[in-house]
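S.K.: Just dropping this structure here.
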Ligand SMILES: Nc1nc2c(ncn2[C@@H]2O[C@H](COP(=O)(O)OP(=O)(O)OP(=O)(O)O)[C@@H](O)[C@H]2O)c(=O)[nH]1
Ligand SMILES: Nc1nc2c(ncn2[C@@H]2O[C@H](COP(=O)(O)OP(=O)(O)OP(=O)(O)O)[C@@H](O)[C@H]2O)c(=O)[nH]1
Ligand SMILES: [Mg+2]
Ligand SMILES: [Mg+2]
């Protein structure tokens, strides 16, 4: 019994620190450790390997509770619309380039909308990507109304019989009321123009983000109803554990992970690979 | 916030008579939780709590009528102490063109900050030259050019490698009397060896008076990893913490200052080019405490 006691305390503390270091946050980390006490008897806590497997199961059960939306061409031949949104610098524009490449490789016809009309050279950046992958880019001049760009892009997607329309929006902090209203307006334009058509709202999140990402996800989810998450920059040293809290609280599935700056650096999210990586 | 939670802790403890050192452990647990929730790195929190503990078990807290408030005061003062109670200005060479180099992870705000610093230096009577040393990101040069144009600031765009662009820009600056050179480099991972070596080469060629790491205020636990590597490889002279106009608590500020000892010199508080302020440790301390 003494041995069990001696082994379990440092193990659990180290485990909680590992989870915190991975950005799961102290609350979620604490909940997982508490659940561990519930599920395992005193003897089992000594076995670090067993403990680790149990924690992985806890995390996997949260991540697997949701499944990502379908991505392939719509059987009814309507363009599948994807709205990409998120805070500044998270990787939205680059993710659109990579996603367009993936869809085109699978035989899709992709249109991209340059609805970031605010940031310097945002349209030019998207145009480079469009050219790289062979996607038609719909854009207006800098400073144009983003909703007008979206409206035009929806029309173009239908007219050109595109399989997918990917919409790039300006980075915005979720605390900025006017920018969130702008996003809601874009959302309304799409919903009104394409009622019943397949329409996804993906938040693009930087894996280096801390707990503020949960507040971001809440605000964006309230604004447009997120249907997916893309976790970028997972090729760095950050673990992106905040997505566990997001999955737990908001039930938004993670569709993709970004693993670099190149065309092919977008992978479908694997809950197992992600969870294993937390412990490396 | 922390003050309310500590008030509850001490209300309960007070019911058992005089406060003891044991009781303080409970209060410190609340402090630890508050700092972790603010995204301060867990190792940094450990060290910081030790500093607080020494003062928290002293008479100033144990004999106070409002021990909760005393603990908050101690935490606040220790935070300000670590964050840097003295202002560190931008370094500058008067005679030949000085270089100010901006480095950091992808999307942290380097290009925007380069233009903001250009505007700042202009208002101080300098004549900066913005250097578009990011040769990889699509339209990075155009981005800096548009920003520079909006301020009436010259932007140097060159061909070749980032290193070559930086070297060429020095000749241009000498010729036209620009000072300093503001080098906007590509975003990169601290674990990307060749790209970190590229920065070392640029540093060796340009001998910058300032090497500032531009870091996102919403960075979580990973902030120490990138800050330590950039500092180890380059010898940073300071940080710029961006996107503080959001509601991230900004614990990364304590983390990066704590592990590198380098000062945070500026904060970015918006996307517009006038949204740059000198760092205020007292404001940051209040923000981290929530
Ligand atoms: N290493 C790495 N870098 C990435 C990844 N995704 C994007 N980036 C880089 O992150 C930086 C920002 O990417 P953008 O696509 O411009 O981000 P954004 O969200 O569109 O930015 P704003 O429009 O300004 O809000 C660029 O340097 C990208 O190359 C990724 O998965 N891994
Ligand atoms: N709200 C806010 N946005 C900022 C701030 N600083 C930069 N940004 C935004 O953050 C995004 C990324 O900024 P960039 O200057 O392109 O970042 P970067 O570090 O040069 O990106 P890479 O070169 O790809 O590594 C842009 O949308 C900027 O407008 C800030 O202080 N507040
Ligand atoms: Mg963008
Ligand atoms: Mg840049």
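Residue numbers (the working numbering), protein chains in the order written: chain D, 12 to 291; chain W, 1473 to 1762. Cβ atoms here follow ideal geometry from the backbone N, Cα and C, with glycine treated the same way. For clarity, every value in this text was computed on a predicted model and none was experimentally measured.
1) At what residue ranges does the region 84 to 139 of chain D contain a whole run of the beta strand (DSSP E), taking only runs of 3 or more?
2) I need the DSSP call for residue 33/D, collapsed to helix, strand or coil.
3) May I ask you to check if the CB of residue 130/D is nearer than 7 Å to at least one heavy atom of ligand 2?
4) DSSP state of residue 1608/W, grouped into three classes?
5) Please list the terminal residues of the continuous beta strand (DSSP E) segment that includes residue 1655/W.
6) Whose CA, out of 1585/W, 1591/W, 1636/W, lies closest to the CA of residue 1713/W?
7) Counting only C-beta atoms, is residue 1511/W closer than 8 Å to chain D at any point?
8) Would you grab the beta carbon distance between residue 122/D and residue 167/D for me? Rounded to a whole angstrom, and I think it's under 8 Å.
9) Is residue 211/D helix, strand or coil when you go by DSSP?
10) Using a beta-carbon distance cut-off of less than 7 Å, what residues from the region 178 to 209 of chain D approach chain W?
11) At a cut-off of 7 Å, is residue 1587/W close to ligand 4 when judged by its beta-carbon and the heavy atoms of the ligand?
12) As an exercise, report each continuous beta strand (DSSP E) stretch of at least 3 residues that is fully enclosed by the region 1547 to 1574 of chain W, in chain order.
13) Per DSSP, which one or two residues make a beta bridge with residue 1756/W?
14) Considering only heavy atoms of ligand 4, list every residue whose Cβ is less than 5 Å from one of them, following chain order.
15) Residue 243/D and residue 216/D - do their beta-carbons sit closer together than 8 Å?
16) Would you please verify whether the beta carbon of residue 136/D is less than 8 Å from any beta carbon of chain W?
17) Closer than 8 Å between beta carbons: that is the criterion. Which residues of the region 27 to 39 of chain D meet it against chain W?
18) Could you tell me whether any Cβ in chain D is nearer than 8 Å to the Cβ of residue 1670/W?
19) Counting along the chain, where does the beta strand (DSSP E) carrying residue 269/D start and finish?
20) Report back the beta-carbon spacing between residue 136/D and residue 180/D to the nearest angstrom; my notes put them in contact at under 8 Å.
21) Using DSSP with H/G/I as helix, E/B as strand and the rest coil, what is residue 1481/W?
22) Can you give the Cα-Cα distance for residue 140/D and residue 1761/W, rounded to whole angstroms?
23) Is there at least one Cβ from chain W nearer than 8 Å to residue 238/D's Cβ?
24) For a quick check, are the C-beta atoms of residue 1715/W and residue 1740/W less than 8 Å apart?
25) Quick test of your reading: residue 1605/W and residue 1656/W, contact by CB under 8 Å. State the CB separation rounded to the nearest angstrom.
26) With respect to the alpha helix (DSSP H) encompassing residue 1519/W, which residues constitute its N-terminal and C-terminal limits?
27) Which runs of the alpha helix (DSSP H) fall wholly inside the region 1646 to 1730 of chain W and span at least 4 residues, in chain order?
28) Ligand 3 and residue 142/D: does any heavy atom of the ligand fall closer than 7 Å to the residue's C-beta?
29) Return the CA-CA distance between residue 1650/W and residue 1635/W, expressed in angstroms with no decimal places.
30) I think residue 1502/W touches residue 1474/W, with their Cβ atoms under 8 Å apart; what is that distance to the nearest whole Å?
31) State whether the region 1503 to 1512 of chain W contacts the region 216 to 232 of chain D, with contact taken as three or more CB pairs (one from each stretch) at a distance under 8 Å.
32) With 8 Å as the threshold, decide whether the Cβ of residue 123/D is near any Cβ in chain W.
33) What in chain W is Cβ-close to residue 228/D, meaning under 9 Å?
34) Between the region 227 to 240 of chain D and the region 180 to 198 of chain D, are three or more C-beta pairs nearer than 8 Å?
35) For residue 174/D, which three-state DSSP category applies?
36) Please list, in chain order, all residues of the same chain as residue 255/D whose beta carbon is under 8 Å from its beta carbon, the five residues on each side excluded.
M.R.: If we stick to the structure as given:
1) Runs of the beta strand (DSSP E) inside the region 84 to 139 of chain D: 91 to 96, 121 to 126.
2) Locating residue 33/D in the first chain gives position 22, where the first residue counts as 1. DSSP places residue 33/D in coil when its eight states are reduced to three.
3) Taking the first residue of the first chain as position 1, residue 130/D is located at position 119. At least one heavy atom of ligand 2 is nearer than 7 Å to the Cβ of residue 130/D, so yes.
4) Working through the second chain from its first residue, we reach residue 1608/W at position 136. In this structure, residue 1608/W counts as coil in the three-state DSSP scheme.
5) Taking the second chain and counting its residues from 1, one reaches residue 1655/W at position 183. Residues 1653 to 1656.
6) For the purposes of this step, residue 1713/W is taken as residue 241 along the second chain, with counting starting at 1. Selected option, being the one with the closest Cα: 1585/W.
7) Indexing the second chain from 1 puts residue 1511/W at position 39. Yes, because at least one Cβ of chain D sits closer than 8 Å to the Cβ of residue 1511/W.
8) Along the first chain, one-based indexing puts residue 122/D at 111. Along the first chain, one-based indexing puts residue 167/D at 156. About 6 Å; that satisfies the 8 Å criterion.
9) Counting from 1 along the first chain, the entry for residue 211/D is found at position 200. Strand at residue 211/D.
10) 184, 186
11) Locating residue 1587/W in the second chain gives position 115, where the first residue counts as 1. Residue 1587/W Cβ: outside cutoff for every heavy atom of ligand 4.
12) none
13) Against the second chain, residue 1756/W aligns to sequence position 284. Paired residue(s): none; residue 1756/W is not in a bridge.
14) 1582/W, 1583/W
15) Translated into the one-based positions of the first chain, residue 216/D becomes position 205. Translated into the one-based positions of the first chain, residue 243/D becomes position 232. Yes.
16) Position 125 of the first chain holds residue 136/D. For residue 136/D, the answer is yes, since a Cβ of chain W falls inside 8 Å of its Cβ.
17) 28, 31, 32, 33, 34, 36, 37, 38
18) Within the second chain, residue 1670/W is the residue found at index 198, counting from 1. Judged by the 8 Å Cβ criterion, residue 1670/W is not in contact with chain D.
19) Taking the first chain and counting its residues from 1, one reaches residue 269/D at position 258. 265 to 269 is the extent of the beta strand (DSSP E) around residue 269/D.
20) Here residue 136/D corresponds to residue number 125 of the first chain, with the count starting at 1. Here residue 180/D corresponds to residue number 169 of the first chain, with the count starting at 1. That belief does not hold up - the Cβ atoms of residue 136/D and residue 180/D are roughly 13 Å apart, past 8 Å.
21) As a working note, residue 1481/W is residue 9 in the second chain. Residue 1481/W falls in the helix class under three-state DSSP.
22) In the first chain, the residue the question calls residue 140/D occupies position 129. In the second chain, the residue the question calls residue 1761/W occupies position 289. Note on geometry: alpha-carbon atoms of residue 140/D and residue 1761/W lie some 42 Å from one another.
23) In the first chain, counting from the first residue as 1, residue 238/D sits at position 227. Judged by the 8 Å Cβ criterion, residue 238/D is not in contact with chain W.
24) Residue mapping note: residue 1715/W aligns to position 243 of the second chain, counting from 1. Residue mapping note: residue 1740/W aligns to position 268 of the second chain, counting from 1. The answer is yes: Cβ separation under 8 Å.
25) The count along the second chain starts at 1 and reaches residue 1605/W at position 133. The count along the second chain starts at 1 and reaches residue 1656/W at position 184. Your pair residue 1605/W and residue 1656/W checks out as a contact, with CB atoms roughly 6 Å apart and the cut at 8 Å.
26) As a working mapping, residue 1519/W is identified with position 47 in the second chain. Here the alpha helix (DSSP H) through residue 1519/W covers 1514 to 1528.
27) 1665 to 1678, 1695 to 1706
28) To locate residue 142/D, count along the first chain from 1; it is residue 131. No, the beta carbon of residue 142/D sits no closer than 7 Å to any heavy atom of ligand 3.
29) Counted from its first residue, the second chain places residue 1650/W at position 178. Counted from its first residue, the second chain places residue 1635/W at position 163. Whole-angstrom Cα-Cα distance: 19 Å.
30) Translated into the one-based positions of the second chain, residue 1502/W becomes position 30. Translated into the one-based positions of the second chain, residue 1474/W becomes position 2. 7 Å between Cβ atoms; contact.
31) yes
32) Mapped onto the first chain, residue 123/D falls at position 112. Residue-level contact by beta carbon fails for residue 123/D and chain W, as no gap is shorter than 8 Å.
33) Taking the first residue of the first chain as position 1, residue 228/D is located at position 217. Here the premise fails: no neighbours, minimum Cβ distance about 12 Å.
34) yes
35) Locating residue 174/D in the first chain gives position 163, counting from the first residue. In this structure, residue 174/D counts as coil in the three-state DSSP scheme.
36) Position 244 of the first chain holds residue 255/D. These residues qualify, in order along the chain: 35, 39, 70, 73, 74.
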